[in-house]
Amino acid sequence: MKAVGIVVEYNPFHNGHAYHAKQAKTETNADVVIAVMSGQFLQRGEPALVDKWTRTKMALQNGVDIVIELPYVYSTAQATDFAYGAISLLDAIGCETFAFGSEAGRIEPFLQTYEGIHAHQTLYNEQIRQAIQNGLSYPTALQQAYLAVKQAANIEMVDLSLPNNILGYHYIEAAKKYHLQIQPYTIKRLQAGYHDDIDYTLQIASATGIRKALKENLTIQQFMPTSAYEHLIEWQQQHRDFVSWHVFWPLLQYAILRHTPEQLTSYPDVKEGLEHALIKHAKTSDTFEQFMTKLKSKRYTWTRLQRMLTHIYTGFTKEQLHAFEKPSYIRLLGISAQGQRFLSAKKKEMSLPLISRVAASDDPMLALDLQATLMYQLGLSLFSTKKIDEDFKTPPIRL
């Protein structure tokens with residue numbers, strides 16, 4: 224059996240995601256679609272709108288056959304590490320290809336971009352170093368380095384100012400750099416851009432647009448498959464609100480203020496005096512939005528600051544970050560009947576152990592996922608009387 228892998232967050236699952244899963248399966252002639260999905264906290268440094276079990280159900284009912292969890296170590300990391308964790312897990316479970324959505328829609332510019340940067344690595348690294356020394360953010364530094372390589376290489380390269388192209392490039396970089404067998408494929412994004420607001424003349428909206436519409440109490444039903452929308456509304460009825468830093472703020476504020484400045488420097492990215500700014504602004508902010516507005520600077524992007532705050536909230540230190548070199552397990556969240564047939568045929572060939580029940584494992588990387596769920600549950604208890612299922616009590620979801 225042939226499997227295609229996709230890297231997802233489903234925050235929340237929408238029509239564009241259903242199209243992606245369907246096209247990935249069709250265009251690669253795969254028998255199953257395997258999604259590696261972020262758990263309770265996401266790459267932009269924020270808690271997921273709804274928990275991972277709800278998002279797994281959305282996926283399984285709309286074209287995905289197997290959902291595995293991207294460990295916290297990678298799901299909350301910068302793009303290069305996020306991509307490495309995701310692609311290496313898809314390779315380990317037995318995917319022959321991975322398919323990502325992109326603004327480019329063609330794989331050749333991505334491959335040429337990788338070769339161009341690889342051939343001009345010294346120039347690329349030096350441009351990044353100089354840009355950061357000049358006080359620019361890391362994404363801006365990357366963009367400047369990319370433009371320098373493009374001019375030097377004089378070849379067609381993909382536009383790395385666009386968010387999905389950026390992730391797509393890092394997926395390919397991970398596969399090439401670590402000599403993985405899995406092969407890349409890309410599918411052109413339809414209609415809505417990554418950050419676009421919803422447009423009611425269309426059937427596809429970005430997850431960002433859908434989340435914004437939910438905050439403004441606008442209807443979003445036309446942009447989601449029926450079953451995914453029903454799960455979203457059921458969550459809202461059970462918990463009265465969706466998860467965000469806005470509702471987690473009291474606990475995040477406490478997590479910051481319980482530390483001394485010196486203690487805060489034990490967390491990833493807390494440096495250059497940020498430890499003092501974190502405490503100062505946490506003391507004087509009534510909301511997460513106020514806090515972030517005060518903390519934001521030219522040097523640190525909103526996303527980078529949120530990832531930093533996620534680690535403070537969950538207790539994930541620099542020491543722990545550097546303790547892990549690669550994924551050590553495949554955590555199964557959900558499976559269809561077709562997915563079960565794939566696992567039965569391929570399980571012995573997988574290069575990492577498959578975990579379906581966490582009680583049977585003492586893996587330290589997995590322990591961080593369990594801790595993330597506990598902290599997610601704690602934040603949820605601020606506004607909801609209904610608990611989500613604990614990792615220890617939840618077997619993989621089966622269609």
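Numbered as in my numbering, the sequence shown ends at 622 without a single skipped number. C-beta: ideal position from N, C-alpha, C; glycine also. Small disclaimer: the values here were computed from a predicted structure and weren't measured.
**Asked** On the three-state DSSP scale, how would you describe Pro270?
**Response** In this structure, DSSP gives Pro270 an extended state, which the three-state scheme calls strand.
Cα-Cα separation between Ile410 and Leu265, rounded to whole angstroms = 22 Å
* When the Cα of Asp288 is compared with those of Ser429, Ser607 and Lys248, which residue comes out closest? -> Lys248
**Asked** Going along the chain, which residues of its own chain have a beta-carbon closer than 8 Å to the beta-carbon of Ile558, five neighbours each way excluded?
**Response** Leu283, Asp288, Ile289, Val290, Leu566, Pro619, Ile620, Arg621 and Leu622
Q) When the Cα atoms are used, what is the spatial distance from Tyr295 to Tyr452? A) Their Cα atoms are separated by approximately 26 Å.
Whole angstroms are fine: how far does the CA of Phe539 sit from the CA of Leu591?
The straight-line gap from Cα to Cα measures roughly 8 Å.
Legend entry - Three-state secondary structure (DSSP) of Gly557: strand
Q.
So Asp612 and Val581 are supposed to be a Cβ contact under 8 Å. How far apart are they, rounded?
A. About 12 Å; that fails the 8 Å criterion.
Out of Ile578, Phe321 and Arg522, which has the shortest C-alpha to C-alpha gap to Ile355? Arg522
Checklist line | Burial state of Leu313 (16 or more Cβ within 10 Å) | finding: buried
Out of Glu349, Ala315, Asp420 and Pro332, which has the shortest C-alpha to C-alpha gap to Ala398?
-> Ala315
**Message:** Cutting at 7 Å between CB atoms, please list the residues of its own chain near Ala430, excluding the five before and the five after it.
**Reply:** Asn234, Pro235 and His237
**Message:** I'd like to know if the region 325-332 and the region 362-374 are in contact, where contact means that at least 3 CB-CB pairs between them fall below 8 Å.
**Reply:** no
Rounded to the nearest angstrom, how far is the Cβ of Tyr490 from that of His534, given a contact under 8 Å? 5 Å
Same chain only: Cβ atoms within 8 Å of Ile502, ignoring 5 sequence neighbours per side: Ile479, Leu480, His482, Pro484 and Leu487
Q. Alpha carbon to alpha carbon, how far is Thr507 from Thr449?
A. 43 Å
With a threshold of 8 Å, are at least 3 pairs of Cβ atoms found where one atom belongs to the region 513-530 and the other to the region 266-274?
yes
Distance check for Tyr394 and Lys225, CA to CA, integer angstroms please.
20 Å
Residues bridged to Gln406 (per DSSP):
In the DSSP assignment, Gln406 forms a beta bridge with Thr320.
- [ ] Identify the continuous alpha helix (DSSP H) that holds Ser298 and give its terminal residues.
- [x] Per DSSP, the unbroken alpha helix (DSSP H) holding Ser298 starts and ends at Tyr295 to Ser298.
How should Lys609 be labelled, buried or exposed, when 16 other C-beta atoms within 10 angstroms of its C-beta is the threshold for buried?
exposed
Near Lys549, which residues of its chain fall below 7 Å by C-beta distance, leaving aside the five closest residues on each side in sequence?
Ser311
Mind checking whether Gly562 and Val255 have CB atoms under 8 Å apart? yes
Inset, instruction - Go through its chain and collect everything with a Cβ distance to Gly391's Cβ below 7 Å, but skip five positions before and after it. - result: Phe323, Ser325, Phe333 and Thr409
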